[in-house]
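Structure record follows, encoded as structure tokens.
Number of protein chains: 2
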Amino acid sequence: MIAIGIDIGGTSIKGAFVTDKGEILHRFSLKVSKDSPFEVEIKKLSDLINKEIKDNHLEGKIKGIGIGNPGIMDMDEGLIIESPNLPSWNNHNLKKEIEKHVGIPVKLNNDANVAALGEAKFGSGHKYKDLIMITLGTGVGGGVIINGKLFDGHLHQGAELGHMIIKMNGRECGCGRKGCFEAYASATALIKDTKAMMKRHPESLLTVIEKELNGVDARNAFMAAKRGDKYGKKLVNNYISYLGEGLLNYCNIFRPEAIILSGGVANEGEYLISRVKKYLAKHHYGMKGSPEVDIVISSLGYDSGKIGAACLVLFE
Amino acid sequence: MIAIGIDIGGTSIKGAFVTDKGEILHRFSLKVSKDSPFEVEIKKLSDLINKEIKDNHLEGKIKGIGIGNPGIMDMDEGLIIESPNLPSWNNHNLKKEIEKHVGIPVKLNNDANVAALGEAKFGSGHKYKDLIMITLGTGVGGGVIINGKLFDGHLHQGAELGHMIIKMNGRECGCGRKGCFEAYASATALIKDTKAMMKRHPESLLTVIEKELNGVDARNAFMAAKRGDKYGKKLVNNYISYLGEGLLNYCNIFRPEAIILSGGVANEGEYLISRVKKYLAKHHYGMKGSPEVDIVISSLGYDSGKIGAACLVLFE
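Going line by line, the protein sequences match chains A and B. Number 45 in our numbering belongs to position 45 of the first sequence; there are no gaps in the numbering. For any residue, its number in our numbering is found by taking its place in the second sequence, counting from 1, and adding 1000.
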């Protein structure tokens, strides 16, 4: 069985033919312009899909097209309500337009949910039935897999795992609430904290590393900590406690077998994982007597979105 | 179809014959002593169950026995690991002992989960498929229903909804963490806050109401607020904000169709509900553009535990 998985980003659309064994047969991609009308972009995307099906001799062999898209959608209808990166797509029906041009059924879901599904089926989550994935990037995204299936709540509007308050009346979050997990554990938050620390302690190694990296991103604090800088260590320790408290909440709420970490900060790999595990163990994985929760790094990388989108169709 | 539902409390065990329409055919109960050995208590309970089956002419007609029990258990095995109210039951197999004496299959789950299942099937949650129930009592308990089924996580150890931190490094919680929802939104927390307010403002109506009620419980603050006392109002407003932030978190995480409130504080009924709804509406039910979540009070009262326990068997 073969499905097409489509991952819609802010500057490009990436697609792949994916088998029910999770193999990618062929990849394709398309630049997307946010100034171009929805209809023009969808016509270009549909034409490309039709061409790729033909070129790869897959006519009549595609079960469906799964799409992972950021933003707020009516997923059953296929309607885009609010697209943060491509505002000209707002209030357009992505599902119906592609079905009209390509003639293959389309399923739509949130990009974070879809990535979690991909990791659960064919990535570092393949041996677990119950897991959550937390993406530590510009924001904090999340996906929940229960008994091997994507859980996304009423009208697919749940699993907004970054928007759980961990510090009431705390930092302002883009969502309008104060003290969200995202406002403490995203790469964006770590960068803000790093810059504030550099301002207070310009003598720290963080200043040297800023020059080496030609700027500040989520890596600076970890690099400084690894080189023994006390301000870098403090930043990392604070970050681990924010991340740890959020994960402990999710241990108590979902009690998953595993939590997969992905996104920019997860590139810290074993250095991050070992510290998070230590924090969770010290706090009894959420509550005394509670079973251990595995913490792992995502393994599909940039393919998780395409593979996961295809899974919407392959495992419906 | 008929099942027996058993609700194990700290001082008594309550049971009922429940039909698959949620009707209670007959109730029975038994006092339990925490000083008496497990074997003696279970023999008494089993004898009572056998007698009730015979007296009600239900031999061969009982599909199974469902039990809701507080504390930490290996639910599949039927083993009680830690029983907060009946410590002599620790490390005993409740399921196997009753099956041995009565000869009917037994299923075990947490009391909060079971109550949520009862409300979902036959109480104020019957028209929803996705809901959560939050019990505002001595602690804050919770149960999660997804697509009409009880969700309780890996090894049935999830859905500990009271133990989500809403204020990092905040109030100490019985679970060992700091800042749990339970430490702010339980009846116990409200009583503590009421006593602290009375100490700071002995001139408030709270002092008068203490004499009327012969003590302080979760009602005092609400009574004072209703009579216009500014300190009572402040207590209630603070309580609504704690409860509201926790519920907003669960809106974002689960996006249920409804949240059912139960337990002592839920006795405030419409006065509580109207204020909680206002708080949620003001904060867009968790996030701008998110669908509304119904807030309702549990309707089965003290029967939710027995009916829910029977549902473990009726809807397995």
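Ideal placement from N, C-alpha and C gives every residue a C-beta, glycine not left out.
- Pick out the complete alpha helix (DSSP H) segments inside the segment 1061 to 1108 of chain B, 4 residues or longer, and give them in chain order. Listed in chain order, the alpha helix (DSSP H) runs fully inside the segment 1061 to 1108 of chain B are 1094 to 1102, counting runs of at least 4 residues.
- Find out if the Cβ-Cβ distance for the pair Val236 (chain A), Ala221 (chain A) is shorter than 8 Å. In the first sequence, residue 236 (chain A) corresponds to position 236, counting from 1. In the first sequence, residue 221 (chain A) corresponds to position 221, counting from 1. Closer than 8 Å, so yes.
- Message: Taking a contact to mean a Cβ-Cβ separation below 8 Å, would you say Ala1122 (chain B) touches Gly1022 (chain B) in this structure?
- Response: On the second sequence, position 122 is the one that residue 1122 (chain B) refers to. On the second sequence, position 22 is the one that residue 1022 (chain B) refers to. Note that residue 1122 (chain B) is Phe in the sequence shown, not Ala. A contact, by the Cβ cut-off of 8 Å.
- Query: With respect to the beta strand (DSSP E) encompassing Val1114 (chain B), which residues constitute its N-terminal and C-terminal limits?
  - Reply: Start at 1 with the first residue of the second sequence, and residue 1114 (chain B) comes out as number 114. Looking at the DSSP string, Val1114 (chain B) is not in any beta strand (DSSP E); the run it does join, the alpha helix (DSSP H), is Asp1111 to Phe1122.
- Message: So, with DSSP's three-state summary, where would you put Leu161 (chain A)?
- Response: Looking up residue 161 (chain A) in the first sequence gives position 161. In the structure shown, the three-state DSSP call for Leu161 (chain A) is coil.
- Message: Tell me which residue opens and which closes the alpha helix (DSSP H) that Ala183 (chain A) is part of.
- Response: On the first sequence, residue 183 (chain A) is found 183 positions in, with the first residue counted as 1. If you look at Ala183 (chain A), you'll find it in the alpha helix (DSSP H) that goes Glu182 to Ala185.
- Can you have a look at Glu963 (chain B) and say buried or exposed, based on whether 16 or more other CB atoms are within 10 angstroms of its CB? The first residue shown for chain B is 1001 and the last is 1316, placing residue 963 (chain B) beyond what the model contains.
- Query: With a Cβ-Cβ cutoff of 8 Å, do Leu25 (chain A) and Ser12 (chain A) count as a contact?
  - Reply: On the first sequence, residue 25 (chain A) is found 25 positions in, with the first residue counted as 1. On the first sequence, residue 12 (chain A) is found 12 positions in, with the first residue counted as 1. Not in contact: Leu25 (chain A) and Ser12 (chain A) (Cβ atoms no closer than 8 Å).
- Query: Is there at least one Cβ from chain B nearer than 8 Å to Ile134 (chain A)'s Cβ?
  - Reply: The sequence position of residue 134 (chain A) within the first sequence is 134, counting from 1. With its beta carbon at least 8 Å from every one in chain B, Ile134 (chain A) lies outside the interface.
- Is any beta-carbon of chain A found at less than 8 Å from that of Phe1122 (chain B)? Numbered from 1 along the second sequence, position 122 holds the residue referred to as residue 1122 (chain B). Chain A places no beta carbon closer than 8 Å to that of Phe1122 (chain B), leaving this residue out of the contacts.
- Query: In terms of residue numbering, what span does the alpha helix (DSSP H) encompassing Arg1219 (chain B) cover?
  - Reply: The residue labelled residue 1219 (chain B) in the question sits at position 219 within the second sequence. Its alpha helix (DSSP H) spans residues Arg1219 to Lys1226.
- Query: Quick one: does Arg1275 (chain B) have its CB under 8 Å from some CB of chain A?
  - Reply: Along the second sequence, one-based indexing puts residue 1275 (chain B) at 275. Not flagged as an interface residue toward chain A: Arg1275 (chain B), since no C-beta distance is shorter than 8 Å.
- Task: Answer yes or no: do Ile1260 (chain B) and Met1133 (chain B) have a C-beta to C-beta separation smaller than 8 Å?
- Result: Here residue 1260 (chain B) refers to the residue found at position 260 of the second sequence. Here residue 1133 (chain B) refers to the residue found at position 133 of the second sequence. Against a cut-off of 8 Å, the Cβ pair of Met1133 (chain B) and Ile1260 (chain B) comes out as a contact.
- Message: Please return the same chain residues whose Cβ sits closer than 7 Å to the Cβ of Cys180 (chain A), not counting the five positions on each side in sequence.
- Response: The residue given as residue 180 (chain A) occupies position 180 in the first sequence. Correct list, in chain order: Gly162, His163, Met164, Ile165 and Cys173.
- Beta bridge counterpart(s) of Leu1136 (chain B) as assigned by DSSP: Along the second sequence, one-based indexing puts residue 1136 (chain B) at 136. According to DSSP, Leu1136 (chain B) shares a beta bridge with B:Val1140.
- Phe315 (chain A), DSSP secondary structure in three states: As a working note, residue 315 (chain A) is residue 315 in the first sequence. Looking at Phe315 (chain A) - three-state DSSP - the assignment turns out to be coil, as it is neither helix nor strand.
- Is it buried or exposed for His92 (chain A), if we count other Cβ within 10 angstroms and need 16 for buried? Counting from 1 along the first sequence, the entry for residue 92 (chain A) is found at position 92. So His92 (chain A) ends up on the buried side.
- Message: For the alpha helix (DSSP H) containing Asp294 (chain A), name the first residue and the last one.
- Response: Residue mapping note: residue 294 (chain A) aligns to position 294 of the first sequence, counting from 1. Premise fails: Asp294 (chain A) lies in the beta strand (DSSP E), Asp294 to Ile297, not in any alpha helix (DSSP H).
- Item | DSSP-derived helix/strand/coil call for Asp193 (chain A) | For the purposes of this step, residue 193 (chain A) is taken as the residue at position 193 of the first sequence. Under the three-state reduction of DSSP output, Asp193 (chain A) falls in the helix class.
- Item | Cβ contact (3+ pairs, closer than 8 Å) linking the segment 98 to 109 of chain A and the segment 289 to 305 of chain A | Taking 8 Å as the limit for Cβ pairs, the verdict is that the segment 289 to 305 of chain A does not touch the segment 98 to 109 of chain A.
- From Val18 (chain A) to Glu1082 (chain B), what does the alpha carbon distance come to, in whole angstroms? Taking the first sequence and counting its residues from 1, one reaches residue 18 (chain A) at position 18. Taking the second sequence and counting its residues from 1, one reaches residue 1082 (chain B) at position 82. Whole-angstrom Cα-Cα distance: 48 Å.
- Query: Which residues bound the beta strand (DSSP E) around Ser1262 (chain B)?
  - Reply: Here residue 1262 (chain B) refers to the residue found at position 262 of the second sequence. Per DSSP, Ser1262 (chain B) belongs to the beta strand (DSSP E) from Ala1258 to Ser1262.
- Query: Between which two residues does the alpha helix (DSSP H) carrying Ser40 (chain A) extend?
  - Reply: Sequence index remark: in the first sequence, residue 40 (chain A) carries index 40 (1-based). The amino acid at residue 40 (chain A) is misidentified as Ser; the sequence shows Val. Its alpha helix (DSSP H) spans residues Phe38 to Asp55.
- Interface residues of chain A facing Arg1255 (chain B) [CB-CB closer than 9 Å]: The residue given as residue 1255 (chain B) occupies position 255 in the second sequence. Identification of chain A residues near Arg1255 (chain B) by a Cβ-Cβ cut-off of 9 Å yields Asp152, Gly153, His154, Leu155, His156, Gln157, Gly158, Ala159 and Glu160, ordered along the chain.
- Query: Considering Lys31 (chain A), what are the terminal residues of the beta strand (DSSP E) in which it resides?
  - Reply: Walking along the first sequence from the start, residue 31 (chain A) turns up at place 31. First-last of the beta strand (DSSP E) with Lys31 (chain A): Ile24 to Lys31.
- Message: Under DSSP, the alpha helix (DSSP H) around Thr207 (chain A) begins and ends at which residues?
- Response: Residue mapping note: residue 207 (chain A) aligns to position 207 of the first sequence, counting from 1. Counting along the chain, the alpha helix (DSSP H) containing Thr207 (chain A) begins and ends at Leu205 to Leu213.
- Task: Tell whether a beta-carbon distance below 8 Å holds between Ala266 (chain A) and Ile240 (chain A).
- Result: Translated into the one-based positions of the first sequence, residue 266 (chain A) becomes position 266. Translated into the one-based positions of the first sequence, residue 240 (chain A) becomes position 240. Result no, Cβ atoms of Ala266 (chain A) and Ile240 (chain A) do not sit closer than 8 Å.
- Task: Assuming Gly137 (chain A) and Gly9 (chain A) form a contact by the criterion Cβ under 8 Å, report the distance between their Cβ atoms to the nearest whole angstrom.
- Result: One-based indexing of the first sequence puts residue 137 (chain A) at position 137. One-based indexing of the first sequence puts residue 9 (chain A) at position 9. That belief does not hold up - the Cβ atoms of Gly137 (chain A) and Gly9 (chain A) are roughly 12 Å apart, past 8 Å.
- Shorter than 8 Å from the beta carbon of Gly1244 (chain B) to some beta carbon of chain A? As a working note, residue 1244 (chain B) is residue 244 in the second sequence. No, Gly1244 (chain B) does not count as interfacial toward chain A.
- Task: Rank B:Ala1224, B:Asp1055 and B:Cys1251 by C-alpha distance to the C-alpha of Met1287 (chain B) and give the top, closest one.
- Result: Counting from one through the second sequence, the residue named residue 1287 (chain B) turns up at place 287. When each option's Cα is compared against that of Met1287 (chain B), the closest is B:Cys1251.
- Query: How close, in whole Å, do the beta carbons of Leu94 (chain A) and Ile67 (chain A) come, if the pair is a contact with beta carbons under 8 Å?
  - Reply: Taking the first residue of the first sequence as 1, we reach residue 94 (chain A) at position 94. Taking the first residue of the first sequence as 1, we reach residue 67 (chain A) at position 67. Rounded, the Cβ-Cβ distance is 7 Å, consistent with contact.
- Query: Using a Cβ-Cβ distance under 8 Å, would Ser1290 (chain B) count as near chain A?
  - Reply: For this step, residue 1290 (chain B) is matched to residue 290 along the second sequence. So, interface residue.
- How would you write the range of the beta strand (DSSP E) that Ala16 (chain A) sits in, first residue to last? As a first step, residue 16 (chain A) is located in the first sequence; it is residue number 16 there, counting from the start. Element bounds for Ala16 (chain A): Ser12 to Thr19.
- Message: Buried or exposed, going by whether 16 or more other CB atoms sit within 10 Å of the CB of Gly269 (chain A)?
- Response: Counted from its first residue, the first sequence places residue 269 (chain A) at position 269. With fewer than 16 other Cβ atoms within 10 Å, it is exposed.
- Task: Output the boundary residues of the alpha helix (DSSP H) element that contains Ile166 (chain A).
- Result: Here residue 166 (chain A) refers to the residue found at position 166 of the first sequence. Neither: Ile166 (chain A) is in no alpha helix (DSSP H) and is coded neither H nor E.
- Query: What in chain B is Cβ-close to Leu248 (chain A), meaning under 8 Å?
  - Reply: By 1-based counting over the first sequence, the position of residue 248 (chain A) is 248. Neighbours of Leu248 (chain A) in chain B, taken as residues at a C-beta separation under 8 Å, are given in chain order as Ile1165 and Arg1177.
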